[in-house]
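**Q** Take the position in the sequence shown, starting the count at 1, then add 247; the result is the number in the numbering used here. Note that CB positions come from ideal geometry on N, CA and C, so glycine has one too. Source: prediction; values computed, not measured. Input: one structure, supplied below.
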Amino acid sequence: MELREVRLREMLDAREVRAFRQRALLEKYHRTLVSFTMNIAGPVKNSALILQGYLEGLELLRMQLAPFPILHFEETRRATGNEALFVVDGPAGEVKRLACQIEEADGLGRLFDMDVLAPDGRKLDRSEVGLPPRRCLLCSGPAAECASRRVHTVEELQGRTQAVLRGHFQSRFADQTAALAVRSLLYEVSVTPKPGLVDRANAGAHPDMDFYTFLRSASSLTPWFRDMALQGIRFSGASPAAVFQALNYAGRQAERAMLRATGGVNAHKGAIFSMGLLCGGAGRLYGQGAPLRAERLLGECAALAENSRRDPSARTAGERLYQAHGVGGVRGEAAAGFPLVRTVGLPLLKTLLEEGCSPDDAGGIVLLHLMARAEDTCWMSRAGHQQWQLGREQLRQALSGDPRPDRAFRAALDAEFIRHNWSAGGCADLLAVCWMLLFLESSGDEHA
Numbered sequence: 248m249e250l251r252e253v254r255l256r257e258m259l260d261a262r263e264v265r266a267f268r269q270r271a272l273l274e275k276y277h278r279t280l281v282s283f284t285m286n287i288a289g290p291v292k293n294s295a296l297i298l299q300g301y302l303e304g305l306e307l308l309r310m311q312l313a314p315f316p317i318l319h320f321e322e323t324r325r326a327t328g329n330e331a332l333f334v335v336d337g338p339a340g341e342v343k344r345l346a347c348q349i350e351e352a353d354g355l356g357r358l359f360d361m362d363v364l365a366p367d368g369r370k371l372d373r374s375e376v377g378l379p380p381r382r383c384l385l386c387s388g389p390a391a392e393c394a395s396r397r398v399h400t401v402e403e404l405q406g407r408t409q410a411v412l413r414g415h416f417q418s419r420f421a422d423q424t425a426a427l428a429v430r431s432l433l434y435e436v437s438v439t440p441k442p443g444l445v446d447r448a449n450a451g452a453h454p455d456m457d458f459y460t461f462l463r464s465a466s467s468l469t470p471w472f473r474d475m476a477l478q479g480i481r482f483s484g485a486s487p488a489a490v491f492q493a494l495n496y497a498g499r500q501a502e503r504a505m506l507r508a509t510g511g512v513n514a515h516k517g518a519i520f521s522m523g524l525l526c527g528g529a530g531r532l533y534g535q536g537a538p539l540r541a542e543r544l545l546g547e548c549a550a551l552a553e554n555s556r557r558d559p560s561a562r563t564a565g566e567r568l569y570q571a572h573g574v575g576g577v578r579g580e581a582a583a584g585f586p587l588v589r590t591v592g593l594p595l596l597k598t599l600l601e602e603g604c605s606p607d608d609a610g611g612i613v614l615l616h617l618m619a620r621a622e623d624t625c626w627m628s629r630a631g632h633q634q635w636q637l638g639r640e641q642l643r644q645a646l647s648g649d650p651r652p653d654r655a656f657r658a659a660l661d662a663e664f665i666r667h668n669w670s671a672g673g674c675a676d677l678l679a680v681c682w683m684l685l686f687l688e689s690s691g692d693e694h695a
């Protein structure tokens, strides 16, 4: 949207036109009228960000007016600002109360101006619904007094307005991203059956945890995934190394929260790393104004993961396998941009769901295809490198004959893994990444 400064004469003309339309609608319908505009200081009254705020206010107003029939609606979107008029078949006092709820409770409410006119043309005052006068955007003093005395400069008001709008939508994006990350983890653990993994039917080869352990763990990670998305936005113009340092700190806090929630059980350590990259990468793309497409997001993950350093002194199974066999595990997969997710997991998941497969069947089939190709250090450490290679090759052969194995096949494989104490935890994390990318792309389409 092209930004344009408007002259005082244009603003006065716009107000006169609005007042004319208000009178005409009141004379025609003899019903309550709602006039919605934005409180925007300065000569620039419209922009992509201001329009986004207006559209949110419009949606909120429609929701609040839902109890009453809307007899007429019209709007204009001009350089002088965005305006909407509703004719509502409802008592003016109740409509005013509902409109004021938005102005008082919503994060953008101070920027909304929702005037309510009674059928006789009288403009209702906030005091009629028990509310004090509106407060100043900057100092929280009486807004009318600050405006009449010109206590604050236009530049100060403009800066605060932009900060309110940006902060609101950044926070909204971070909330949505965190919710999708947790949703992805819940979808992954809910897929049943899975070879040796915790699902709704059993604990697999993990006697120290169960389905509810994963629910507690996933829910504890919500604020940290949110923080990772915000860090991505905050450092959207910085180097990937700077972003990774912020994500690394948040990730350690997330691990602490997980262990507190599970009583010391490691349910999601690998997933915190992968989901942290996705949340941070999504935040970077949002901050840059780029679309949330899987290819671009996986590229961001690769750039961030390159800054993850191995610790040769660590006594983890993954580090031992890396030293002995050069197996990269989740770090190597992430640094390469999750190639198996990009070329195998996500395309197959989309195809299966489009064909009508349930999340259980689609997720279970995708998991097996990932297991047949990935270097899963969890499975490898439990089975041994040679046995893992043999098992993976047998799975490849089975999938070449039947690429979409049924539930009975997956249940039999689950029983075999449980018997041998094997678990494909690394591939479970990759399945969660597939779900997350699918959800993020769908979310991006809804808000495009």
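If you run the structure through DSSP and keep just helix, strand and coil, what is Leu318?
**A** If DSSP states are grouped into helix, strand and coil, Leu318 belongs with the strands.
**Q** Which of the three DSSP states, helix, strand or coil, is assigned to Arg325?
**A** Strand, per DSSP.
**Q** What runs of the alpha helix (DSSP H), each 4 residues or longer, lie entirely inside the segment 274 to 360?
**A** Complete alpha helix (DSSP H) runs here, min 4: 295 to 311, 339 to 352.
**Q** Please name the residue in Val577, Ala394, Ala426 whose C-alpha comes closest to that of Gly673.
**A** Out of Val577, Ala394, Ala426, Val577 has the C-alpha closest to the C-alpha of Gly673.
**Q** Use the C-beta contact count for Asn668: other C-beta atoms within 10 angstroms, 16 or more gives buried, fewer gives exposed.
**A** Result: exposed.
**Q** Identify the residues that DSSP records as bridge partners of Pro389: which are they?
**A** Answer is Arg382, bridged to Pro389.
**Q** Would you tell me roughly how many angstroms separate the C-alpha atoms of Pro538 and Arg270, rounded to the nearest one?
**A** When rounded, the distance between both Cα atoms is 43 Å.
**Q** Measure from the alpha carbon of Gly498 to the alpha carbon of each residue in Phe482, Gly479, Ile519, Gly484, then state which is nearest.
**A** Checked all of Phe482, Gly479, Ile519, Gly484; the closest Cα to Gly498 is Ile519.
**Q** Just to confirm before moving on: does the CB-CB distance between Ala476 and Ala552 stay below 8 Å?
**A** Not closer than 8 Å, so no.
**Q** Can you tell me whether Asp607 is helix, strand or coil according to DSSP?
**A** Note: Asp607 maps to helix in three-state DSSP.
**Q** Going by the C-beta, is Arg589 closer than 7 Å to any heavy atom of the ligand SAH?
**A** This structure lacks the ligand SAH; in fact it carries no ligand of any kind.
**Q** Buried or exposed for Gly414, please, with buried defined as at least 16 other CB atoms from any protein chain shown within 10 angstroms of its CB.
**A** Gly414 comes out exposed.
**Q** Inspect the beta-carbon positions of Phe359 and Gly304 and report whether they are closer than 8 Å.
**A** Yes, they are a contact pair.
**Q** By the DSSP assignment, the alpha helix (DSSP H) with Val401 in it spans what residues?
**A** Run containing Val401: 401 to 437, per the alpha helix (DSSP H) assignment.
**Q** Please return the same chain residues whose Cβ sits closer than 6 Å to the Cβ of Ser560, not counting the five positions on each side in sequence.
**A** Residue placement at Ser560 is flagged as unreliable, the pLDDT there being 47, under the threshold of 50; the coordinate-derived value follows with that caveat. Result list for Ser560: empty, nothing under 6 Å.
**Q** So for Leu250, helix, strand or coil by DSSP?
**A** Correct three-state label for Leu250: coil.
**Q** Identify every residue that forms a DSSP beta bridge with Leu364.
**A** Per DSSP, Leu280, Lys370.
**Q** Could you check where the alpha helix (DSSP H) with Val490 kicks off and where it finishes?
**A** That run of the alpha helix (DSSP H) goes 487 to 509.
**Q** Do Gln478 and Gly527 come within 8 Å of each other at the CB atom, strictly closer than that value?
**A** Yes, Cβ-Cβ distance for Gly527 and Gln478 is below 8 Å.
**Q** Closer than 6 Å by C-beta to Ala659: which residues in its own chain qualify, once you throw out the five before and the five after it? Chain order, please.
**A** Same-chain partners within the cutoff: there are none.
**Q** Short check: CB of Ile349 to CB of Gly340, under 8 Å?
**A** It is not a contact, given that the beta carbons lie outside the stated cut-off.
**Q** Three or more C-beta pairs closer than 8 Å, one from the segment 613 to 624 and one from the segment 637 to 645: is that the case here?
**A** Because the criterion of three Cβ pairs below 8 Å is met, the segment 613 to 624 and the segment 637 to 645 touch.
**Q** Nearest to Leu488 by CA position, among Ala549, Pro470, Glu542, Asp446, is which residue?
**A** Strictly speaking, residue 488 in this sequence is Ala, with Leu absent from that position. With distances taken between Cα atoms, Ala488 lies closest to Ala549.
**Q** Take Glu580 as the anchor and find which of Ser486, Leu255, Leu332, Val680 has the nearest alpha-carbon.
**A** Closest by alpha carbon: Val680.
**Q** How close, in whole Å, do the beta carbons of Asp661 and Pro454 come, if the pair is a contact with beta carbons under 8 Å?
**A** Incorrect: roughly 15 Å between the Cβ atoms, too far for contact.
**Q** Apply the 10 Å Cβ neighbour rule to Val398 and answer buried if 16 or more other Cβ atoms are within range, or exposed otherwise.
**A** Val398 comes out exposed.
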